[in-house]
Amino acid sequence: MAALRNAVLDVAQILLRSLPWPIKPGLIAVGHPGRDAPVLLTCNYDLTVRRVLGALRGLDVYLLVAPSKGINVWCAAAGGYFTSHQVISILRTSGIGDLVDHRRLILPQLSATGVERKLLEERTGWRAVFGPVYAADIPAYLANGKKTEAMRQVRFTLRDRMEMAAVWASPVSLIGAAILAISWRPLLLPFVALTWMLALGLYVFFPWLSKEAESAHRPAPAWVRWMVFFDPRVRRNSAVWLVFLAGMWSTAYLVGDWRVHSLIGWSLASFFLMLLISMDLAGSTPVYKSGLHEDRLLHVELNADACTGRAMCREVCPKDCYVVDAVRHKAEIAKPNACVQCGACVVQCPEDALAFVTPAGERIPPDVIRTYKLNMLGARATSVARD
Amino acid sequence: MSSYVWMRLLESAPDRYDLGIRLLSLGRIDRVYAQAAQLARGPDVLDLGCGTGNLTSRLARPGVRVTGVDLSSEMLAVARRKISQDSGVRWVQTSAVELIDHFAAESFDTIVSILMFSELSDAEQRLALEECMSLLRPGGQLIVADEVQPSSLLRRALHGIVRAPLAAITYALTQASTRPVIDLWVKVIKAGFSVKLEESSRLGDFTLLEAGKREA
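Chains as they are written, first to last, in our numbering: chain W, 1 to 387; chain H, 388 to 603.
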């Protein structure tokens, strides 16, 4: 029964992957945790909590579920919904302090872009460490007591890519189907099938397609900023739309259906398909920079004089951008191009040695980044920097 | 007052918040602010969940020291722009369960909180009320106005019918929704307050509550 419930929820949540699914925040005792049991923390997105619980099977630990408005760890942390405040809240309301003798809290690594470790420790007396990115690595992490390099990195596996395909395909096929149900019913199923095939195709072949996207980093025309979904620089969009238009005319010719509402229906449906493939796909993934918004592509700047080599940056970087020289006690940004601007390193640096710099050369200091959660492509990134 | 679910839409855009909430509540929110401001007694007043400072500006009268608290830095930035520095309002960015980290016990005469408790989980509501209790001076008062779950079954059903479509649309647009507070006055009493005044909307889905902390 529980397995069936999980399976149904899995399908529903993957289809609605872009929407939050909150559960009640609180404390979950996994197995039979004692007074030395590790204390882990996650967000209150149902899919995440169920996956974490699956990974923790067989262990004796406490799992705190913090109130992140039902949004997953990375998105909530980047968007300002999963910060030190939510962690403090769950530490205080769950009563975990009375259940264990230690004060060591294991946070998901991807929360590092939102949760300020230093502030949390000062405020609560708990010592916070960033655990692995993936829940599946938790048992090995607990057994060895440390994180391997692989545990720090975000991957974009075939399974993740299929989920991302569902993120786009399910709303597009739903809206398109609703339009076609009124205007041209025979096209409904082919349209839905086409949407899913396109989305799945794009994401399955993403690692190869994205090479093109990466090389297309030419400045975009100004009007692009008003059309967030479109990326006119990727020429395949117009080619695909031409194919659709040709398909429309030939279908109309073959079935002898030149009625206006059929043509309108097909045009609208193909518009949504266009929308799908012209999304900022690279920017919607965890591993590539946006193909749009050069004006918001911040880069991280390291002030080598302030750095004391405490390696928090390397500890929280999901893209393995940093190397730390243990002899000289200095960090170095070895792979600046791999950076996805999550800002975790800037937020966590104990010496404030890191900052974002805008393409215009403006430096955004770490405190502003911590306060306004400036990272990735948030609209805030530009508006606040201007203030 | 089901339109409060629309707040979500506005919260993602603090700049449009004021105009939006006034339109959506058909001007009623102004009356709530006015009534709360009238009930508040100084000299030290805390506006808990001050947002863009709509109530804060009304509270800031001569001889009253107002502190505005909000979790959202963006909301506070709007409030700061709106209310002049001469008003002497002190702004603090923190959550309702971290008040004791920022303020000394018994440092306020009135704590006002409008449309904030519905943002909190059950456990957070209880803890926030406890913190309010410790922050208030003896004889001090707590004023809470929020969306609540109607107590009678019939009203709850009616409320649900009216609210569901609004909540659904808001959720689709902003992926968030409010949770009307359940048993607000029970929680207030459990935190040690005595309820002095309770005013509810006709549908019983919005309540303004004035509660007192006993004299020493």
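All C-beta atoms, glycine included, are put in the ideal place defined by N, C-alpha and C.
Small disclaimer: the values here were computed from a predicted structure and weren't measured.
Residue i at chain W interface by Cβ criterion, 8 Å
i	result
Leu458 of chain H	yes
Ala510 of chain H	yes
Leu435 of chain H	no
Leu514 of chain H	yes
Glu517 of chain H	no
CB contact flag (residue i, residue j, <8 Å)
i	j	result
Thr113 of chain W	Cys317 of chain W	no
Ala311 of chain W	Ala331 of chain W	yes
Leu61 of chain W	Leu41 of chain W	Before going further, note that residue 61 of chain W is Val rather than Leu in the sequence given. Against a cut-off of 8 Å, the Cβ pair of Leu41 of chain W and Val61 of chain W comes out as no contact.
Asp434 of chain H	Thr443 of chain H	yes
Ala421 of chain H	Val499 of chain H	no
Val115 of chain W	Val87 of chain W	yes
Cys519 of chain H	Leu507 of chain H	no
Val419 of chain H	Ile470 of chain H	no
Leu64 of chain W	Ser89 of chain W	no
Val323 of chain W	Ala334 of chain W	yes
Leu158 of chain W	Val204 of chain W	yes
Arg17 of chain W	Val167 of chain W	yes
Arg370 of chain W	Glu301 of chain W	no
Leu187 of chain W	Trp249 of chain W	no
Lys574 of chain H	Pro525 of chain H	no
Lys373 of chain W	Gly79 of chain W	yes
Phe504 of chain H	Val531 of chain H	yes
Gly450 of chain H	Trp478 of chain H	no
Arg152 of chain W	Val129 of chain W	no
Leu426 of chain H	Glu597 of chain H	yes
Arg92 of chain W	Val484 of chain H	yes
His546 of chain H	Asp509 of chain H	no
Glu149 of chain W	Asp305 of chain W	no
Candidates the options: closest to residue i by CA position
i	options	result
Asp457 of chain H	H:Ala466, H:Ala421 and H:Cys519	H:Ala466
Ala169 of chain W	W:Val39, W:Leu202 and W:Arg159	W:Leu202
Pro388 of chain W	W:Leu174, W:Val204 and W:Phe205	The structure shown has nothing for residue 388 of chain W, since chain W only spans 1 to 387.
Asn72 of chain W	W:Arg103, W:Gln109 and W:Ala29	W:Gln109
Ser539 of chain H	H:Lys583, H:Arg589, H:Gln480 and H:Arg468	H:Arg589
Trp208 of chain W	W:Thr124, W:Pro22 and W:Phe156	W:Phe156
Leu59 of chain W	W:Gln348, W:Trp21, W:Ile138 and W:Gln86	W:Ile138
Leu82 of chain W	W:His32, W:Val368 and W:Tyr45	The amino acid at residue 82 of chain W is misidentified as Leu; the sequence shows Phe. Comparing Cα positions, the closest option is W:Tyr45.
Ala401 of chain W	W:Gly145, W:Ala193, W:Ala143 and W:Asn144	Residue 401 of chain W is absent from the structure shown; chain W starts at 1 and stops at 387.
Ala353 of chain W	W:Cys307, W:Met162, W:Lys319 and W:Ala344	W:Cys307
Glu585 of chain H	H:Asp473, H:Arg452, H:Asp533 and H:Ile416	H:Asp533
Arg123 of chain W	H:Gly527, H:Thr481, H:Asp496 and H:Ser494	H:Thr481
Cys349 of chain W	W:Leu9, W:Leu245, W:Ile264 and W:Lys118	W:Lys118
Val260 of chain W	W:Met197, W:Trp184 and W:Ala246	W:Trp184
Asp101 of chain W	W:Val8, W:Ala37 and W:Pro365	W:Ala37
Pro365 of chain W	W:Asp325, W:Pro20, W:Arg50 and W:Leu298	W:Leu298
Leu198 of chain W	W:Cys43, W:Ser111, W:Leu245 and W:Ser270	W:Ser270
Below-8 Å beta-carbon distance, residue i vs any chain H residue
i	result
Thr48 of chain W	no
Thr42 of chain W	no
Lys118 of chain W	no
Arg123 of chain W	yes
Arg225 of chain W	Low local confidence applies: a pLDDT of 40 at Arg225 of chain W is under 50, so the model's placement there is unreliable, with the coordinate-based value given in what follows. No, because no Cβ of chain H sits closer than 8 Å to the Cβ of Arg225 of chain W.
Tyr372 of chain W	yes
Pro25 of chain W	yes
His329 of chain W	no
His32 of chain W	no
Val228 of chain W	For Val228 of chain W, the predicted structure reports a pLDDT of 38, less than 50, and the residue's modelled location is therefore unreliable. A value from the coordinates is still provided. Chain H, which has no Cβ nearer than 8 Å to the Cβ of Val228 of chain W, makes this no.
His299 of chain W	no
Arg17 of chain W	no
Thr382 of chain W	In this prediction, Thr382 of chain W has a pLDDT of 43, which is less than 50 and means its spatial position is unreliable; what the coordinates show is noted afterwards. No, Thr382 of chain W lies away from the interface with chain H (no Cβ there is under 8 Å from its Cβ).
### Task
Closer than 9 Å, Cβ to Cβ, to anything on chain W: give me those residues from the stretch 473-492 of chain H, in chain order.
Those residues of the stretch 473-492 of chain H that come within reach of chain W (Cβ to Cβ, closer than 9 Å) are Gln480, Thr481, Ser482, Ala483, Val484, Glu485 and Asp488.
#### Entry: Residues in the stretch 88-108 of chain W having any Cβ partner in chain H nearer than 7 Å
For the stretch 88-108 of chain W, the residues whose beta carbon sits under 7 Å from a beta carbon of chain H are, in order, Ile88, Ser89, Arg92 and Thr93.
### Task
Would you check if the stretch 134-151 of chain W and the stretch 165-181 of chain W touch, i.e. whether three or more CB-CB distances between them fall below 8 Å?
Put simply, the stretch 165-181 of chain W does not touch the stretch 134-151 of chain W. Fewer than three CB pairs are less than 8 Å apart.
### Message
Counting only Cβ-Cβ distances shorter than 9 Å, please list the residues of the stretch 48-77 of chain W near chain H, keeping chain order.
### Response
Within the stretch 48-77 of chain W, those residues whose Cβ lies closer than 9 Å to any Cβ of chain H are, in chain order, Pro67, Lys69, Gly70 and Ile71.
### Message
Under 8 Å: do the stretch 485-498 of chain H and the stretch 568-577 of chain H share three or more Cβ pairs, one atom per stretch?
### Response
Counting Cβ pairs under 8 Å, fewer than three are found: no touch.
### Message
Could you check whether the stretch 574-582 of chain H touches the stretch 509-524 of chain H, counting it as contact only if at least three pairs of C-beta atoms, one from each stretch, sit closer than 8 Å?
### Response
The stretch 574-582 of chain H, when compared against the stretch 509-524 of chain H, does touch it at the 8 Å Cβ threshold.
### Query
Closer than 9 Å, Cβ to any Cβ of chain W: which residues of the stretch 437-471 of chain H, in chain order?
Cβ contacts with chain W: Leu458, Ser459, Ser460, Glu461 and Ala464.
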